[in-house]
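Reviewing the structure listed below.
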Amino acid sequence: MECVPRNARHMRHNRGRADVICLCPFMPASCPRARPGHRQRCGAAPRHLPKPSPQRLWKGLRVITSVDIRVVVMIAAIMLIVAIVLCLLERRTRVSDTNLRHANDWLCVANGALLLSCVTLLLHYSLPFWLSASIIILGAHAGILCAFFAIQWGLNTRPRYGLFATISASILLLQMSLTTSGAGAALLFVSTGIANGLLTLTMGLIILRLSRPHEIELRVLVSFPFFALAFGYVMRLILLAMEATTAVVLTTTALIAFSLAFAALQWCFGLIALRAAWLNQSLTVERQRAQDLAEARARFLAHMSHEIRTPLNSVLGLADVLHGTVKQPEARELVGHIQNSGDLLMHIVNDILDVSKLQANAVTLEQRPFDLDALLRQIAASHALTCREKRLLLDVEIQPGASGFWMGDPHRVNQILQNVIGNAVKFTETGSVRVVARGSDHLTLVVEDTGIGMSEAQVGSMFDEFTQADEGITRRFGGTGLGMSIVHKLTKVMGGQIEVQSAPGQGTRFTITLPLRRAETVEILPIPAAPAAQMDFSTLNVLCADDSKSNLLMLCAMLRQMGIEPQTAEDGHAAIAMTERQSFDLYLLDISMPGLSGIETLHRLRQVEKDGLRPPAYGVAATANALAPDLDLYMASGFDSHLSKPIRLEALRAILLACQQSRLAHPLHAPGVGHRVWG
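Quick note: the sequence shown, position 218, residue 233 per the working numbering, numbers continuous.
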């Protein structure tokens, strides 16, 4: 590191010996080297001398005592100290990445070497020429090399220590030999300019190539100091070749010195930026990993939901059939227990699926009018039996401001209330459960019970998944601990709030506020009474296709109970073959059949109908995938309706009724109308 004199005056002091160049920034009268008679000789009109030779530059630099030069060197030293402090602070962050730790260590060494060079420049008056020059050259070169290693580690590249150590050793040996041989400053300037200029240019190109994956701002931040140093060394070589004045050459040298100190700071900021980029990249990788994990979990839960629903479909369906055929009270009671257990298992499966959808932000909300009075009556009726068995009073109060129609998702509102009221009924042994609905510009639902209550700690964790108050509560009351988590998440999805007030032994109060708005005037149309012939399903020709024999057995039992003798197929190909031989009024197709799926089977069946000039049958997708996107896909694929597994008797009866109404409405099925071309 080198400094520059300010407006050095070149005066020749002829003392009867060889001329001595005095690069003195003071006026001749105050020259510190003035001897007797110096004032008179220096005070004479100065005579302009030819440009000094480069060999005398170092000797002139040794006598510079300008205050400005010391300020420049001190500023450079302060910048280096700041850079070292930044490196030490970066070490305290305990970066977990090994490459960044190596980069920070190398940059600490680089800043220390540059600071040593700067301090030596400040003290060069009191040191021999060969020693001060050697330390300055060694410190500057070592600082550049170590900074290069640091940036390479920061870019996740292991430096080629052997190659650059060999090159640096050769350069330093040449410099040291020139320093100790007394060759002069000119050769030092030339050799340093060529060696360091080429080296820093090569380093800059390497760093620019290694930083290609990063943004352009970061690439410039870490590579620009090397190019700036290379430019400074090349400019000094050009000035020496053009025989520039001493002041110009020394000014260029000072700019190189200051650039080294500034580069040290820029390299520190570059490593900080690389650390931030590494953290952002790690965050992106972890976020993608979490998303992949969530998607894998959602797929697993959806698959398990389908696998559980398939046998559960048979259990509940056959239980419904048995309940309608068994006459003995004891047997009907046993069948009722089977139905209740199956319903409980179905509730657990639905809860797990809902949690998965809420975590994946896959819940979509409908916006349609619904009757809050009818919804609350239905919910109260579903809990009436349990309340009677426990001798609890279930009181539902709908205030005038809440009565009537609201715009929102009735299914999600029902789900919230079912979970909260069910929770209150379950944890209340004696007393009552009270439900109050209030409304103005939003809907407020309050559920109070006189149950066991909760402590503050239990209230704080009640919305966590798979969490209940303690193991004793789980053993005593059962449950998965998902209900209140679903309530909390659904309330947030709907933009609402939920508040809980509870104390042990004093019951619990839930206040749910939903930002729903009042529905416009809703015209309630009377439901026309179905004619007696409409309830006769015996004329329907039904094809059931399912790869599960137990599901086919259950469907056949249900349909026979309603007067239908169905045709069955165990895969899509068999269903197509049967359709080619005869026409059907209703297709009940399992979506997840092997070979041809339900959607592909329906497309083939539609083509058979078109080729045979037949009217289209009513297509129903029997599926355990009850998610809204799946149902939309089925409807878009040509199905007229769907049956969610487990299939219940009433749901199947509703499908048959819809099929019969569609059949009567279609002109090809109307009485007295013959077949005509369809398509």
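All C-beta atoms in this analysis are idealised placements derived from N, C-alpha and C, irrespective of residue type, glycine included. All figures in this text were calculated on a predicted structure; none of them were measured in a lab.
Query - Residue range of the beta strand (DSSP E) that includes Ser607 - result: In the sequence shown, counting from the first residue as 1, residue 607 sits at position 592. Looking at the DSSP string, Ser607 is not in any beta strand (DSSP E), and its letter there is neither H nor E.
Query raised in the report: Looking only at its own chain, which residues have a Cβ that is under 7 Å from the Cβ of Thr554, when we skip the five neighbours before and after it?
Result: Here residue 554 corresponds to residue number 539 of the sequence shown, with the count starting at 1. Closer than 7 Å at Cβ, skipping near neighbours: no residue.
Query - Boundaries (first-last residue) of the beta strand (DSSP E) holding Phe420 - result: For the purposes of this step, residue 420 is taken as residue 405 along the sequence shown, with counting starting at 1. Looking at the DSSP string, the run of the beta strand (DSSP E) that includes Phe420 is 420-423.
**Report entry** Residue nearest to Ile606 in terms of C-alpha spacing, selected from Met499, Pro630, Leu646, Arg575
**Finding:** In the sequence shown, the residue the question calls residue 606 occupies position 591. Comparing Cα-Cα distances from Ile606 to each of Met499, Pro630, Leu646, Arg575, the minimum goes to Leu646.
Query raised in the report: Which ranges does the alpha helix (DSSP H) cover as unbroken runs of at least 4 residues, wholly within the region 164-250, from first to last along the chain?
Result: 176-196, 200-225
**Report entry** Gln675 to Ser598 span [Cα, whole Å]
**Finding:** Position 660 of the sequence shown, counted from the start, is the residue given in the question as residue 675. Position 583 of the sequence shown, counted from the start, is the residue given in the question as residue 598. Cα to Cα, the separation comes out at about 15 Å.
Report task. Taking only the alpha-carbon atoms, compute the straight-line gap between Gly416 and Gly454 and give it to the nearest angstrom. Result -> Locating residue 416 in the sequence shown gives position 401, where the first residue counts as 1. Locating residue 454 in the sequence shown gives position 439, where the first residue counts as 1. Distance between the alpha carbons of Gly416 and Gly454 is about 5 Å.
Report task. Please state if the CB of Ala272 and the CB of Pro240 are separated by a distance shorter than 9 Å. Result -> Position 225 of the sequence shown holds residue 240. Position 257 of the sequence shown holds residue 272. Not a contact, by the Cβ cut-off of 9 Å.
**Report entry** beta strand (DSSP E) segment containing Leu529, residue limits
**Finding:** Position 514 of the sequence shown holds residue 529. Taken as a continuous stretch (DSSP letters only), the beta strand (DSSP E) holding Leu529 covers 523-529.
Query raised in the report: Are Leu104 and Asn126 closer than 9 Å when you measure CB to CB?
Result: The residue labelled residue 104 in the question sits at position 89 within the sequence shown. The residue labelled residue 126 in the question sits at position 111 within the sequence shown. No; because the gap between Cβ atoms is not below 9 Å, this pair is not in contact.
Query raised in the report: When DSSP labels each residue in this structure, what does Pro384 get in the three-state scheme?
Result: Reading the sequence shown from its first residue, position 369 is the one you call residue 384. Here Pro384 sits in strand by DSSP.
Query raised in the report: Can you give, in chain order, each stretch of the beta strand (DSSP E) that sits fully within the region 589-640 and has at least 3 residues?
Result: 601-605, 633-638
Query raised in the report: For Arg668, does the three-state DSSP call read helix, strand or coil?
Result: Along the sequence shown, read from residue 1 onward, the residue named residue 668 stands at position 653. Arg668 falls in the helix class under three-state DSSP.
Requested in this report: Kindly indicate which three-state DSSP category Leu658 falls into: helix, strand or coil?
Outcome: Along the sequence shown, one-based indexing puts residue 658 at 643. Here Leu658 sits in strand by DSSP.
Requested in this report: Pick out whichever of Val263, Gln582, Leu408 has its Cα sitting closest to the Cα of Arg596.
Outcome: The count along the sequence shown starts at 1 and reaches residue 596 at position 581. It is Gln582.
**Report entry** Closest Cα partner of Ala563 within the set Thr528, Val237, Gly419, Pro609
**Finding:** Locating residue 563 in the sequence shown gives position 548, where the first residue counts as 1. Residue 563 is actually Ser in this sequence, not Ala. Closest by alpha carbon: Pro609.
Query raised in the report: For the candidate residues Leu214, Ala334, Arg234, whose alpha-carbon lies nearest to that of Ile222?
Result: The residue labelled residue 222 in the question sits at position 207 within the sequence shown. That would be Arg234, whose Cα lies nearest to the Cα of Ile222.
Query raised in the report: Pro530 to Arg392, Cα distance in whole Å?
Result: Within the sequence shown, the letter at position 515 stands for residue 530. Within the sequence shown, the letter at position 377 stands for residue 392. Those two C-alpha atoms are separated by around 22 Å.
Query raised in the report: Are the region 610-628 and the region 563-575 touching by the rule of at least three beta carbon pairs closer than 8 Å?
Result: no
Query - N-terminal and C-terminal residue of the beta strand (DSSP E) that Arg453 is part of - result: For the purposes of this step, residue 453 is identified with residue 438 of the sequence shown, where counting begins at 1. Unbroken beta strand (DSSP E) run through Arg453: 447-454.
Query raised in the report: How close, in whole Å, do the beta carbons of Cys11 and Ala92 come, if the pair is a contact with beta carbons under 8 Å?
Result: In this structure the chain extends from 16 to 694, so residue 11 is not present and cannot be described.
Query - Buried or exposed (CB count within 10 angstroms, at least 16 for buried), Ala346 - result: The residue labelled residue 346 in the question sits at position 331 within the sequence shown. Label assigned to Ala346: exposed.
Query raised in the report: Roughly how far, in whole angstroms, is the beta-carbon of His117 from the beta-carbon of Trp168, given that I think they are within contact range, below 8 Å?
Result: Numbered from 1 along the sequence shown, position 102 holds the residue referred to as residue 117. Numbered from 1 along the sequence shown, position 153 holds the residue referred to as residue 168. Right, the Cβ-Cβ distance comes to about 4 Å (below 8 Å), so this counts as a contact.
**Report entry** Short Cβ contact (9 Å threshold) for Ile353 with Val330
**Finding:** As a first step, residue 353 is located in the sequence shown; it is residue number 338 there, counting from the start. As a first step, residue 330 is located in the sequence shown; it is residue number 315 there, counting from the start. Yes, the pair counts as a contact, with Cβ atoms nearer than the cut-off.
**Report entry** Residue range of the unbroken alpha helix (DSSP H) whose run includes Glu580
**Finding:** For the purposes of this step, residue 580 is taken as residue 565 along the sequence shown, with counting starting at 1. Neither: Glu580 is in no alpha helix (DSSP H) and is coded neither H nor E.
Requested in this report: Evaluate Leu679 with the Cβ neighbour count: other Cβ atoms within 10 Å of its Cβ, from every protein chain shown; 16 or more gives buried, anything less gives exposed.
Outcome: Here residue 679 is taken as the residue at index 664 of the sequence shown, counted from 1. It is exposed - the Cβ of Leu679 has fewer than 16 other Cβ atoms within 10 Å.
Report task. Drop a sphere of 10 angstroms on the beta-carbon of His503, count the other beta-carbons inside from all chains shown, and report buried for 16 or more, exposed for fewer. Result -> As a working note, residue 503 is residue 488 in the sequence shown. Buried, by the Cβ-count rule.
Query raised in the report: Looking only at its own chain, which residues have a Cβ that is under 8 Å from the Cβ of Leu131, when we skip the five neighbours before and after it?
Result: The sequence position of residue 131 within the sequence shown is 116, counting from 1. The residues are Ile150, Gly154.
Report task. Taking the CB atoms as reference points, tell me whether Gln512 and Thr523 lie closer together than 9 Å. Result -> If you number the sequence shown from 1, residue 512 lands on position 497. If you number the sequence shown from 1, residue 523 lands on position 508. Result no, Cβ atoms of Gln512 and Thr523 do not sit closer than 9 Å.
Query raised in the report: Where do the ends of the beta strand (DSSP E) carrying Leu359 lie?
Result: In the sequence shown, counting from the first residue as 1, residue 359 sits at position 344. Unbroken run through Leu359 is the alpha helix (DSSP H), 344-374; no beta strand (DSSP E).
Query raised in the report: Quick one, which of Arg324, Asn355, Asn365 has its alpha-carbon nearest Leu400's?
Result: The residue given as residue 400 occupies position 385 in the sequence shown. Nearest option by C-alpha distance: Asn355.
Requested in this report: Return the chain-ordered list of same chain residues with a C-beta closer than 6 Å to the C-beta of Thr194, the five sequence neighbours on each side being excluded.
Outcome: For the purposes of this step, residue 194 is taken as residue 179 along the sequence shown, with counting starting at 1. Cβ neighbours of Thr194 beyond the five flanking positions: Trp145, Ala148, Ser149.
Query raised in the report: Roughly how many whole angstroms lie between the Cα atoms of Lys342 and Ile591?
Result: Residue mapping note: residue 342 aligns to position 327 of the sequence shown, counting from 1. Residue mapping note: residue 591 aligns to position 576 of the sequence shown, counting from 1. Spanning the two alpha carbons is a distance of roughly 40 Å.
Query raised in the report: If we count the other Cβ atoms within 10 Å of its Cβ and call it buried at 16 or more, is His139 buried or exposed?
Result: Locating residue 139 in the sequence shown gives position 124, counting from the first residue. Under this definition His139 is a buried residue.
**Report entry** Same chain, Cβ closer than 6 Å to Gly158, neighbours up to 5 away in sequence not counted
**Finding:** Translated into the one-based positions of the sequence shown, residue 158 becomes position 143. Result list for Gly158: Ala125, Ala128, Leu129, in chain order.
Query raised in the report: DSSP on Thr325, reduced to helix/strand/coil?
Result: Sequence index remark: in the sequence shown, residue 325 carries index 310 (1-based). Three-state result, Thr325: helix.
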